[in-house]
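Each protein sequence line maps, in turn, to chains A and B.
Using this note's numbering, the first residue of the first sequence is number 15, and each one after it goes up by one.
Using this note's numbering, the first residue of the second sequence is number 15, and each one after it goes up by one.
Where is the CB? At the ideal position from N, CA and C, for every residue including glycine.
Source: prediction; values computed, not measured.
Each remark here refers to the structure printed beneath this line.
There are 2 protein chains.
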Amino acid sequence: MSERLVIIGGVAAGTKAAATARRRNAGARIVLLQEEADVSYSACGLPYHLADLDRIPRSKLIARPPEAFRVDGIDMRTRHRVEEIDLDRGSLRVCDLQADHVYTEPFDRLLLATGARPKRLNVPASPDAPPIAYLRSIVDADRIVDRLPDIRRVVILGGGYIGLEAAEAFSRLGREVAIVEMMPRLLPAFALPLGQAVEERVRENGVELFMGSAVSGLDRKHVVLDNGERISADLVLVATGVTPSTELAAAAGITLGHTGAITVNAEMQTNLPHVYAAGDCAESYHRVANRAVWLPLGDVANRHGKVAGTNMAGGRAVFPGVLGTAIFKVFGLAVARTGLGEAEAVTAGYRPISQVVEVPSRARYMEKSRNLLIHLTADRASGKVLGCQVTGDDAADKTIDTVAAALWGNLAVEDLADLDLAYAPPFLPVLAPVQVAGEVLKKQVGAMQG
Amino acid sequence: MSERLVIIGGVAAGTKAAATARRRNAGARIVLLQEEADVSYSACGLPYHLADLDRIPRSKLIARPPEAFRVDGIDMRTRHRVEEIDLDRGSLRVCDLQADHVYTEPFDRLLLATGARPKRLNVPASPDAPPIAYLRSIVDADRIVDRLPDIRRVVILGGGYIGLEAAEAFSRLGREVAIVEMMPRLLPAFALPLGQAVEERVRENGVELFMGSAVSGLDRKHVVLDNGERISADLVLVATGVTPSTELAAAAGITLGHTGAITVNAEMQTNLPHVYAAGDCAESYHRVANRAVWLPLGDVANRHGKVAGTNMAGGRAVFPGVLGTAIFKVFGLAVARTGLGEAEAVTAGYRPISQVVEVPSRARYMEKSRNLLIHLTADRASGKVLGCQVTGDDAADKTIDTVAAALWGNLAVEDLADLDLAYAPPFLPVLAPVQVAGEVLKKQVGAMQG
Chain A
15 MSERLVIIGG
25 VAAGTKAAAT
35 ARRRNAGARI
45 VLLQEEADVS
55 YSACGLPYHL
65 ADLDRIPRSK
75 LIARPPEAFR
85 VDGIDMRTRH
95 RVEEIDLDRG
105 SLRVCDLQAD
115 HVYTEPFDRL
125 LLATGARPKR
135 LNVPASPDAP
145 PIAYLRSIVD
155 ADRIVDRLPD
165 IRRVVILGGG
175 YIGLEAAEAF
185 SRLGREVAIV
195 EMMPRLLPAF
205 ALPLGQAVEE
215 RVRENGVELF
225 MGSAVSGLDR
235 KHVVLDNGER
245 ISADLVLVAT
255 GVTPSTELAA
265 AAGITLGHTG
275 AITVNAEMQT
285 NLPHVYAAGD
295 CAESYHRVAN
305 RAVWLPLGDV
315 ANRHGKVAGT
325 NMAGGRAVFP
335 GVLGTAIFKV
345 FGLAVARTGL
355 GEAEAVTAGY
365 RPISQVVEVP
375 SRARYMEKSR
385 NLLIHLTADR
395 ASGKVLGCQV
405 TGDDAADKTI
415 DTVAAALWGN
425 LAVEDLADLD
435 LAYAPPFLPV
445 LAPVQVAGEV
455 LKKQVGAMQG
Chain B
15 MSERLVIIGG
25 VAAGTKAAAT
35 ARRRNAGARI
45 VLLQEEADVS
55 YSACGLPYHL
65 ADLDRIPRSK
75 LIARPPEAFR
85 VDGIDMRTRH
95 RVEEIDLDRG
105 SLRVCDLQAD
115 HVYTEPFDRL
125 LLATGARPKR
135 LNVPASPDAP
145 PIAYLRSIVD
155 ADRIVDRLPD
165 IRRVVILGGG
175 YIGLEAAEAF
185 SRLGREVAIV
195 EMMPRLLPAF
205 ALPLGQAVEE
215 RVRENGVELF
225 MGSAVSGLDR
235 KHVVLDNGER
245 ISADLVLVAT
255 GVTPSTELAA
265 AAGITLGHTG
275 AITVNAEMQT
285 NLPHVYAAGD
295 CAESYHRVAN
305 RAVWLPLGDV
315 ANRHGKVAGT
325 NMAGGRAVFP
335 GVLGTAIFKV
345 FGLAVARTGL
355 GEAEAVTAGY
365 RPISQVVEVP
375 SRARYMEKSR
385 NLLIHLTADR
395 ASGKVLGCQV
405 TGDDAADKTI
415 DTVAAALWGN
425 LAVEDLADLD
435 LAYAPPFLPV
445 LAPVQVAGEV
455 LKKQVGAMQG
């Protein structure tokens, strides 16, 4: 009998694993169980969908509809919720939500791609409080779209990347937007000048910022802060972070890591060799921090899924780890990072040194040139690059990707200064931003050693 | 007595060396001899200056005027031509072109930053032939600007990057443009589909292409080709390549390399330890080809100059070599490369394997996403990345810089596939272009090994 591969979850990691396993092993029986009606959609695209429904309709976010998987011989079951994993029997208890019917599904190999879910707001709310929304799943977005005609003013809880992307989306839709951030400044994981650049950009675009305060309750058309302030709201968008969906795994006794997500090895196996985990519910090995981290990001989920799918289907693939690279855009300003920030580097056991430089993105006389703020961190002793953070209206992505490739190769700041990059006036200044940053930090590493 | 450092040439390498030496050694006497009236200008910016004189006037191309160097205590002598190097006496014969006066200038250390000059057109021309122009120095550009009112139609000889940039500049000025290219196709060093993409873009923009033919002469308002064709022209721009300016060095017995440019070691010293060479007159070590190459490019000249200036002033710096990274833009299409092409890889002793992929630059549903053509080359046996070529309207520069950083770290195609890059829909698709290219080539490397 052919092997039964069962996958729980069908957004990024799950669908990628299913498609990869199918290509690798034509004989296996592949079942994918997805609670939502939609599969294989770009959750990262939701803010862009919201901001421009005409140009990016719902359908464009969906990479492949369920039928496309079925055509490939994948038993794709949407609106099916897994209620329990029975490891002794090698089966799942599944609820078909449409038919309201519970049944048992056997597996030989199992993939947990259960994702992550938003932290829920847990404060007292009066019956006439503004409605609460999230922006994590495509259904979350549908709900917001339905409410849009009634929304004039949105209060967003959380100034992380989802909160900021949503703030821009609502602004573009002509809504008034306020952000409530518990920390005293935006993006505390970023170097101060970079966080300030983001704060300035957000304020310039008319978004009100309430920082250093938490929400204590919701009452009639208002959000109430713990300092007593009341902010008027037609909708409250909660974007205070996400939590890995690990209940099924935990209940079955599968090991979770220090991050709360599922522990996996490089083959994406959990502590049980025939049970895999991938995507936002699983940890990743961080190549610079040299430890497991939890980074719920779409591209990481995709790569996880590919490795898990290959291995489940009898192939052999290894997930080589992450660098913690991430980027988002808010009102034209790109905010990007890779590797470790200074505090993270200390935690990881390095003795870091950092420097901020401000440099043009292209030859100064070219119209598209904009200044970048680059915060580069290296190990004092070895000069090894540890991480980089960038903000800018132009080429922040290029700068970070260049540093990410350098980090992958374990390059030192001296190497960054020496890199041979693609110079021409429309693309770079004669000294590239990463070269300038590398040069500045190299002198300090040298001075420390001398 | 303080050391006398003398630099011949003041565009990129020479001025960078002078400024670097000044910072490093406050006591040295630094003399810079430059034949032109201008110093420290962006030769790479000339086509952009030409295309838009209002936005990029001549003054914007000049990074630092001669006075700025003098304020720093550099004896900057413009309109001074060096006529001979006397190595025995450690002196130069210099002609002050303004005063029409010849004198002797002694040196302890000498830097040759004599640059490169365009190959001259050497065909019979009637007295009423169209005027000939070049686009290498700022004076060349001045001459073209002076003639602009009389020019309706330009014939450009040479379809390399200068010819193509100039074609775009003249087109933007509303002039009719034709390009004559001796080779049967544009950019023969690039993979065929990439060269074709450029050809198509150039034709779409109304530029006539005459390929596979050479110029045999010029007569009344026409360029005459060797196949008898006659092309009407008000101006003939010769952009058939450049030649290193090495006459002074050669006459003094300084060693030239197989490329015709001056041989240097990693300290930028010629065969004589107190004589340095940098910029377009000097060779560079190619890190992938593992041999000396000649790459007359502005950013390389700048880095050469920095190393030479540091060493001349008593410091110690090493030029770590180049990857052959280069980029230009023509009618919106970026054309970029790093490392070796397939034929170059064979010459360098590798057994290469290559693949072309066509991939979107950003999430498909984002408005700015455009397709990239990527030609990736790796070593069959080891999978080591050897080079990459890219064309595209968006993110070709980012793609090449990412691969260039990977090449610097000796990464393999498998690493490219695994890289952790900055994904978000406005910046990349969930699988980055370099990841797709790496993945495709990795399978072939694997298949070859298997």
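One finds nothing in chain B with a Cβ atom closer than 7 Å to the Cβ of Thr361 of chain A; even the nearest lies about 19 Å away. Distances from the alpha-carbon of His389 of chain B to those of B:Leu187, B:Ala32, B:Val85, B:Gly406 put B:Gly406 closest. Taking 7 Å as the Cβ-Cβ cut-off, the stretch 448 to 463 of chain A has no residue approaching chain B.
Taking a Cβ-Cβ cut-off of 9 Å, the neighbours of Met380 of chain B in chain A comprise Gly59, Tyr62, Ile70, given in sequence order. Apart from the 5 residues on each side of it in sequence, Leu232 of chain A sits with its Cβ closer than 6 Å to the Cβ of Ala139, Ala143 in its chain, given in chain order.
Taking a contact as a CB-CB distance under 8 Å, the pair Asn285 of chain A and Thr273 of chain A does not count as one, their CB atoms being some 15 Å apart. Cβ contact annotation for Cys109 of chain B (same chain, cutoff 6 Å, sequence separation greater than five): Arg95, Glu97, Val116, in chain order.
Taking 8 Å as the cut-off, the beta carbon of Gly312 of chain B is found closer than this to the beta carbon of Ala26 of chain B. DSSP, reduced to helix, strand and coil, places Arg36 of chain B within a helical segment of the structure shown.
Each residue's CA atom was taken as its position, placing Glu297 of chain A and Ala306 of chain A some 6 Å apart. Per DSSP, the unbroken beta strand (DSSP E) holding Tyr299 of chain B starts and ends at 298 to 300. Selection B:Arg37, B:Pro132, B:Pro334, B:Val289 evaluated against Ile176 of chain B yields B:Pro132 as nearest (Cα-Cα). Proximity of Pro334 of chain B to chain A, defined by a Cβ-Cβ separation below 8 Å, is satisfied. Secondary structure of Arg123 of chain B (DSSP, three-state): strand. Of A:Val349, A:Leu347, A:Glu428, A:Glu49, the smallest CA-CA separation from Pro334 of chain B is found for A:Glu428. Taking Leu106 of chain B as reference, the option from B:Ala228, B:Val373, B:Leu46 with the minimal CA-CA separation is B:Leu46.
Cβ atoms of Ala348 of chain B and Asp415 of chain B stay farther apart than 8 Å, at about 12 Å. Just measuring C-alpha positions, the residue of B:Ala331, B:Val278, B:Tyr148 sitting nearest Thr254 of chain B is B:Tyr148. For the stretch 385 to 408 of chain A, the set of residues with a beta-carbon nearer than 7 Å to any beta-carbon of chain B is empty.
Legend: CB atoms of the stretch 425 to 444 of chain B lying less than 8 Å from CB atoms of chain A belong to residues Leu425, Asp429, Asp432, Leu433, Asp434, Leu435, Ala436, Tyr437, Ala438, Pro439, Pro440, Phe441, Leu442, Val444.
Checking the DSSP bridge columns, you'll see Asp100 of chain A partnered with A:Ser105.
Of the candidates B:Gly460, B:Leu430, B:Asp89, the residue whose Cα lies closest to the Cα of Ala446 of chain B is B:Leu430.
Note on geometry: alpha-carbon atoms of Pro61 of chain B and Asp294 of chain B lie some 19 Å from one another.
Boundaries of the beta strand (DSSP E) around Ser246 of chain B: 244 to 246. Shown here, Asn385 of chain B sits in a strand according to DSSP, grouped into three states. When the beta-carbon positions are compared, Glu195 of chain B and Gly209 of chain B stay at least 8 Å from each other. Contact annotation for Ser56 of chain B against chain A: Ala377, Pro439 [CB-CB distance below 7 Å, chain order]. Chain A places no beta carbon closer than 8 Å to that of Asp164 of chain B, leaving this residue out of the contacts. With a threshold of 8 Å between beta carbons, Ala350 of chain B makes contact with chain A.
For Ala65 of chain A, the CB contacts under 6 Å within the same chain, skipping 5 residues up- and downstream, are Ala183, Arg186 in chain order. With a cutoff of 8 Å on beta-carbon distance, Glu81 of chain A and Arg43 of chain A are scored as not near each other. When DSSP states are grouped into helix, strand and coil, Ala181 of chain A belongs to the helix group. Uninterrupted beta strand (DSSP E) stretches at least 3 residues long and entirely within the stretch 204 to 260 of chain B occur at 222 to 225, 229 to 233, 236 to 239, 244 to 246, 249 to 252, 256 to 258, given in chain order. Rounded to the nearest angstrom, the gap between the Cα atoms of Pro71 of chain B and Leu125 of chain B is 31 Å. Gly406 of chain A has A:Ala348, A:Leu386 as its beta-bridge partners, per DSSP. Taking a C-beta distance under 8 Å as the contact criterion, Gly423 of chain B and Thr352 of chain B do not qualify as a contact pair.
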